[in-house]
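Chemist:
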Amino acid sequence: MAASQPQRSSARSSTRSALLPLDLRHGNANQLAALLEEVFEESPLDAQQRVQLLGGALVMEALRPYWGADRSPHDAHDALRRADAELALVIEAIAPMLLGRVEAQEAGLAAIEAVEALLSRD
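Right, dumping it as structure tokens:
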């Protein structure tokens, strides 16, 4: 086990080193995707959490140009639909699923806390 720690630390350092000089304005999408993959592999997130994070980022990035102080989320989505109907359909499909997953996780944690509270009454 001790032998894997230096490797992991070395891998983490190489990923950080690769991210630092990356010019995101002129970077290569494949290079950025490979670096993100490395970051996710080194992170404590499991596959479901990664999907949740990336899905949320996709929704926010799609709506970001349209969602400002003067627009509600609904207005921003309508503006996205006018600008890119196909992307709006994708957002309409995944946003409820992402929200449902978060709500299910929260409900599960609340249920566990309730059971723990009942068990600790002894």
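Numbering (my numbering), first residue to last: 463 to 584. C-beta: ideal position from N, C-alpha, C; glycine also.
So what does DSSP say about Gly518, is it helix, strand or coil?
Modeler: Helix.
Chemist: Taking 7 Å as the threshold (C-beta atoms), are Leu542 and Ala550 in contact?
Modeler: For Ala550 and Leu542, yes; Cβs fall inside 7 Å.
Chemist: Return helix, strand or coil for Asn490, following the three-state DSSP convention.
Modeler: If DSSP states are grouped into helix, strand and coil, Asn490 belongs with coil.
Chemist: Where Ala573 and Asn492 are concerned, what is the direct C-alpha to C-alpha distance, given to the nearest angstrom?
Modeler: In a straight line, the C-alpha of Ala573 is about 42 Å away from that of Asn492.
Chemist: Using the C-alpha atoms, what's the distance from Ala555 back to Leu520?
Modeler: Leu520 and Ala555: Cα-Cα distance of roughly 12 Å.
Chemist: Under 8 Å by Cβ, that's how I've got Leu438 and Leu507 pegged, so tell me the actual separation to the nearest angstrom.
Modeler: Because the chain is modelled from 463 through 584, residue 438 falls outside the range shown and cannot be assessed.
Chemist: Measuring straight from C-alpha to C-alpha, what distance separates Ala496 and Ser505?
Modeler: Taking the straight line joining both Cα atoms gives about 14 Å.
Chemist: For Glu575 and Leu581, I'd like the C-alpha separation in whole angstroms.
Modeler: Each residue's alpha carbon lies about 10 Å from the other.
Chemist: For His536, count neighbouring C-beta atoms within 10 Å of its own C-beta (all shown protein chains included) and say buried if the count is 16 or more, exposed if not.
Modeler: It is exposed - the Cβ of His536 has fewer than 16 other Cβ atoms within 10 Å.
Chemist: If we ignore side chains and look at the alpha-carbon of each, how far apart do Ala545 and Met559 end up?
Modeler: Going from the Cα of Ala545 to the Cα of Met559 covers about 23 Å.
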